[in-house]
Amino acid sequence: MSTSLKSNKNDESADQEEVVTIGVLALQGAFEEHQDRLERFRGVNTVLVRTPAELSNIDGIVLPGGESTAMGLIGSHDGTWDALKTFINGSPHDNKSNTSGKPTWGTCAGMVLLSDRCVGTSAVIENGQSLIGGLDILVCRNYFGSQISSFELGTPCPPPEGRQTSTEEGGNSDYPGVFIRAPAILNAGPDVTVLGKVLATPCRQAAVVLRELERKIDAGEKVVNMGVVDALVRENGAGDNEGEGRKMYVDVSSDSALDNDFQEEEKKETNLTENSLHLPGAASCGSREVICAVRKDNILCTAFHPELTDDLRWHEYFVGIVRKDKMKKI
Numbered sequence: 003m004s005t006s007l008k009s010n011k012n013d014e015s016a017d018q019e020e021v022v023t024i025g026v027l028a029l030q031g032a033f034e035e036h037q038d039r040l041e042r043f044r045g046v047n048t049v050l051v052r053t054p055a056e057l058s059n060i061d062g063i064v065l066p067g068g069e070s071t072a073m074g075l076i077g078s079h080d081g082t083w084d085a086l087k088t089f090i091n092g093s094p095h096d097n098k099s100n101t102s103g104k105p106t107w108g109t110c111a112g113m114v115l116l117s118d119r120c121v122g123t124s125a126v127i128e129n130g131q132s133l134i135g136g137l138d139i140l141v142c143r144n145y146f147g148s149q150i151s152s153f154e155l156g157t158p159c160p161p162p163e164g165r166q167t168s169t170e171e172g173g174n175s176d177y178p179g180v181f182i183r184a185p186a187i188l189n190a191g192p193d194v195t196v197l198g199k200v201l202a203t204p205c206r207q208a209a210v211v212l213r214e215l216e217r218k219i220d221a222g223e224k225v226v227n228m229g230v231v232d233a234l235v236r237e238n239g240a241g242d243n244e245g246e247g248r249k250m251y252v253d254v255s256s257d258s259a260l261d262n263d264f265q266e267e268e269k270k271e272t273n274l275t276e277n278s279l280h281l282p283g284a285a286s287c288g289s290r291e292v293i294c295a296v297r298k299d300n301i302l303c304t305a306f307h308p309e310l311t312d313d314l315r316w317h318e319y320f321v322g323i324v325r326k327d328k329m330k331k332i
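Numbering-wise, our numbering comes out as the position in the sequence shown, counting from 1, plus 2.
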């Protein structure tokens, strides 16, 4: 089942498309941009979701880019988080097929929220980042750095399933991925399908977090939620005012045998090391391959912001997922 734009007047199947209603979580972030892109497709209605009640009559939902910490603080106080967990992951008390989770797409911050494990979370939030979960991935927040390190990079286009554009000229060309303070997926479970990867150097803060993560894993710890404070090196001494301590992020260089072996193997396998992405504020530990798009069943995630481009292929792909899921449950 393909999806067509409202402006495509020559599409004979347009009037026969299943009408779907897609919600966009509107607690914070780029929800209006997602709504605008989705409403360009025939047979798609949208709802801005701010309360649990607004989840009841939608067929799928988008968790937009923005600030995952702010979304977590807002959503965890009025029952929205619990309602989203049931919407996305299904009811734990009912095994009927029609009560399974509904299609959900997380972009950037939304991807962080859908992860089961997250590192680099805000150091000022008690008990760490509030996650919805549901996807067996380990995410590093702000992997690429701060706002100044935002960039656009050609990334793999979405799969052809449900995309009319997949049959058009250029329909399967690289997608313009817009990364803004973007997270990266460090690893994904065996049931998660990887849809895209990029080769990039982490920012200095993320590099320290990754080194600390490796230390914890080597020590046999199971890391679910790790804040940046775990990777801070604190130096006693006067700051700007007497009595203040100074904290800093130490640059992580590639001086370990593990890092050097990884980079040599990466260079042999991909031959992309010399052309890898190195942004302002990047660490000197060398680049690594990280995942930027995944899917498992009803859950889709992208580290970048498709709502900030006029290329609608990822939105088209998600609308197709929602339509197929709705038809299956009729």
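Ideal placement from N, C-alpha and C gives every residue a C-beta, glycine not left out.
Between the C-alpha atoms of residue 203 and residue 330 there is a straight-line separation of about 42 Å. Note that the C-beta distance between residue 294 and residue 186 is below 9 Å. In this structure, the straight-line span from the alpha carbon of residue 325 to that of residue 20 is close to 6 Å. Beta-bridge partners of residue 107 (DSSP): 64, 302. A straight-line Cα-Cα distance of about 19 Å links residue 76 and residue 120. Of the candidates 110, 103, 136, 136 places its Cα closest to the Cα of residue 118. Per the C-alpha coordinates, the member of 112, 306, 318, 313 positioned closest to residue 153 is 306. With fewer than 16 other beta carbons inside 10 angstroms of its own, residue 221 counts as exposed. In the DSSP annotation of this structure, the continuous segment of the beta strand (DSSP E) that includes residue 138 starts and ends at 137 to 142.
The C-alpha of residue 191 lies about 5 Å from the C-alpha of residue 138. Straight-line spacing of the CA atoms in residue 82 and residue 53 works out to 6 Å. Residue 55 sits exposed, since fewer than 16 C-beta atoms from the chains shown fall within 10 Å of its C-beta.
If you check the CB distance, residue 27 and residue 167 do not come in under 9 Å. Here DSSP, grouped into helix, strand and coil, assigns residue 219 to helix. Considering only 65, 90, 59, 25, the residue with the shortest C-alpha distance to residue 114 is 65. Taking C-beta atoms under 8 Å as the contact rule, residue 86 and residue 24 fail to qualify, at a distance of about 14 Å. Around the Cβ of residue 106, a 10 Å sphere holds 16 or more other Cβ atoms; the residue is buried. Per DSSP, residue 8 lies in no beta strand (DSSP E) and is assigned neither H nor E. With 16 or more other Cβ atoms from the protein chains shown falling within 10 Å of its own Cβ, residue 317 counts as buried. Between residue 189 and residue 116, the C-beta gap is not smaller than 9 Å, which leaves the two residues out of contact. DSSP links residue 178 through a beta bridge to 156.
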